[in-house]
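**Student:** Below is one structure. I have some questions about it.
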Amino acid sequence: MKPQATEEDVRGVCRKIESMGFRAHPMPGAQRTAVGITGNPGPLDPAEFEFLAGVAEAIPVSKPYKLVSREIKDEVSLIQVKPSDGPGPSFAVGGEELAIIAGPCAVESREQAFAAAERVKKAGAQFFRGGAFKPRTSPYSFQGLGEEGLKILAEVRRAFGLLIVTETIDPENCDLVERYADVLQIGARNMQNFSLLKRAGRSSKPVLLKRGLSATIDELLMAAEYILAEGNYNVILCERGVRTFADHTRNTLDLSVIPAVQRLSHLPILVDPIHGTGRRDKVIPLSRAAVAVGADGLIVEVHPDPDRARSDGYQSLFPDQFDSLMTEIAAIAGVIGRKVNPGVRN
Ligand code: PEP
Ligand code: MN
């Protein structure tokens, strides 16, 4: 649409698309609104739309993924995250200030979550992470506290003004998790759980979609497309490492995917240097690199007592290390025109 197009103009275009039996996807941007079309079995004639009020141009999208593509929207999408309850601050992912999500792998107790939250808030994180439902490789490993964990997360939100990111593991579970979460996390093992992607696409909550262990860039973008196609345009991508023959790390963090995704898609992308390396000593160097390469933020595991963690303790940072990480990435961010929330670090 033209920058000066009115809301009525946008509605007019949507009506036209729907009258043809297709689905309209109005996606507002800072400069102008793009309206995507899905459900059409083949190419449409641009002339059908070009002369409608407010239309700037009608562009056939050549990529298999349409709504996530830069062809439809050539500016980074700002994903607005608001607290589900209470007056806490909201935050836009994809802007100048990097999004920092930090907290334990899993919520283990109120004490553990509060101890982690206090430190990550002080260090400048805007989001708290912690799984209440954990998709574990072994059925005998700690599976999370379930709803009790979600309640603790809601308390963290109220007590610290942190936005909550937590994982949903299947479509039924999503009903419960979305009542508490501010961002729904879909984990690497679920990146192609298509019924979960569709369910998340019908949620009002933004989604953090992690790259699968062996997913190509097209597979990642197609997974995101499932969510947008259902009408949820608030998707944040995340690189978390892929499986290779390397044995000095748990996974190989593929930082080259960041500029590659940014060329193809308007969705913001974060980096998870924790699962991406699986080794605590490699997290700070790769966090610096992730910021340098242009990631829109980081998701990091921080535990008040990593040696006693019930999951992923060996890769979780000590709170003091997270302070150092924030100081170091702030220096890098300044060089490339980004910012890191200074928090109240000493
Ligand atoms: C996690 O964030 O704790 C997690 C399980 O991540 P991933 O899905 O990337 O393995
Ligand atoms: Mn983990």
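Here our numbering = 1-based position in the sequence shown + 3.
Where a beta carbon is used, it is the ideal one built from N, C-alpha and C, also for glycine.
None of the values given here were measured: they were computed from a predicted structure.
1) Going by C-alpha to C-alpha distance, which of S217, A227, E60 sits closest to G204?
2) Suppose the cutoff is 6 Å on Cβ atoms and the five residues either side in sequence are ignored; what does the same chain contact list for Q49 look like?
3) Label Q7 either buried or exposed according to how many other C-beta atoms from any shown protein chain fall within 10 Å of its C-beta, with 16 as the threshold for buried.
4) Using C-beta distances below 7 Å, list every residue in its chain close to L224, excluding the 5 sequence neighbours before and after it, in chain order.
5) For A184, does the three-state DSSP call read helix, strand or coil?
6) For Y229, count the other beta carbons within 10 Å of its own beta carbon; 16 or more makes it buried, fewer makes it exposed. Which is it?
7) Please list, in chain order, all residues of the same chain as K85 whose beta carbon is under 6 Å from its beta carbon, the five residues on each side excluded.
8) With H, G and I counted as helix, E and B as strand and the rest as coil, what does DSSP make of T36?
9) Does at least one heavy atom of the ligand MN sit under 6 Å from the Cβ of C241?
10) Are the CB atoms of V296 and I261 nearer to each other than 7 Å?
11) Of the choices P44, A33, E51, whose alpha-carbon is the least far from that of R18?
12) With distances taken from each beta carbon to the nearest heavy atom of the ligand MN, which residues come in below 5 Å, in chain order?
13) Tell me which residues share the same chain as T171 and place their Cβ nearer than 6 Å to its Cβ, disregarding the 5 neighbours each side in the sequence.
14) Just mark A191 as buried or exposed, buried being the case when its beta carbon has 16 or more other beta carbons within 10 Å.
15) Does the segment 76–91 come within contact of the segment 152–167, defined as at least 3 CB pairs closer than 8 Å?
16) When you measure from the CB of G279 to every non-hydrogen atom of the ligand PEP, does any distance come out below 6 Å?
17) So who's on the other strand from H28, going by DSSP bridges?
18) With DSSP as the reference, identify every bridge partner of S327, one or two as the case may be.
19) Roughly how far, in whole angstroms, is the beta-carbon of E304 from the beta-carbon of G279, given that I think they are within contact range, below 8 Å?
20) State the beta-bridge partners of T169 as determined by DSSP.
21) Can you tell me where the alpha helix (DSSP H) with I20 in it begins and where it stops?
22) Taking G234 as the reference, give the member of L258, P31, A135, A118 with the closest Cα.
23) For the ligand PEP, is there any heavy atom lying closer than 6 Å to the beta carbon of G190?
24) Are there 16 or more other CB atoms within 10 angstroms of the CB of G42, so buried, or fewer, so exposed?
25) Would G133 pass as a contact of A105 if the rule is Cβ separation under 7 Å?
26) Is V342 near the ligand PEP - that is, is its Cβ less than 6 Å away from at least one heavy atom of it?
27) Excluding five sequence neighbours on each side, which residues of the same chain lie with their C-beta closer than 8 Å to the C-beta of L273?
28) For G355, report the span of its alpha helix (DSSP H) as first-last.
29) Thinking C-alpha only, which one of G127, E121, F145 is nearest R161?
30) In terms of residue numbering, what span does the beta strand (DSSP E) encompassing K213 cover?
31) How should Q83 be labelled, buried or exposed, when 16 other C-beta atoms within 10 angstroms of its C-beta is the threshold for buried?
32) Could you please give me the residues that DSSP links to F117 through a beta bridge?
**Tutor:** Looking at the atomic coordinates:
1) A227
2) One point to set straight first is that residue 49 is Pro, not Gln, in the sequence displayed. Excluding residues within five positions, the ones whose Cβ falls inside 6 Å are A61.
3) exposed
4) Y68, V71, L267, S268
5) coil
6) buried
7) S93
8) coil
9) no
10) yes
11) E51
12) C108, D315
13) C177, V180, L187
14) buried
15) yes
16) no
17) G39
18) Per DSSP, none; premise fails for S327.
19) No, E304 and G279 are not in contact; Cβ-Cβ is about 11 Å, not under 8 Å.
20) L187
21) 10–22
22) P31
23) yes
24) exposed
25) no
26) Reading the sequence as shown, one finds Lys at residue 342 and not Val. K342: no, Cβ never under 6 Å from the ligand PEP.
27) V96, A102, I104, L211, I239, L240, C241, E242, A298, D299, G300, L301, I302
28) Limits of the chain in this structure are 4 at one end and 349 at the other, which puts residue 355 out of reach.
29) E121
30) 210–213
31) exposed
32) DSSP, once it has assigned bridges, lists no residue as partnering F117.
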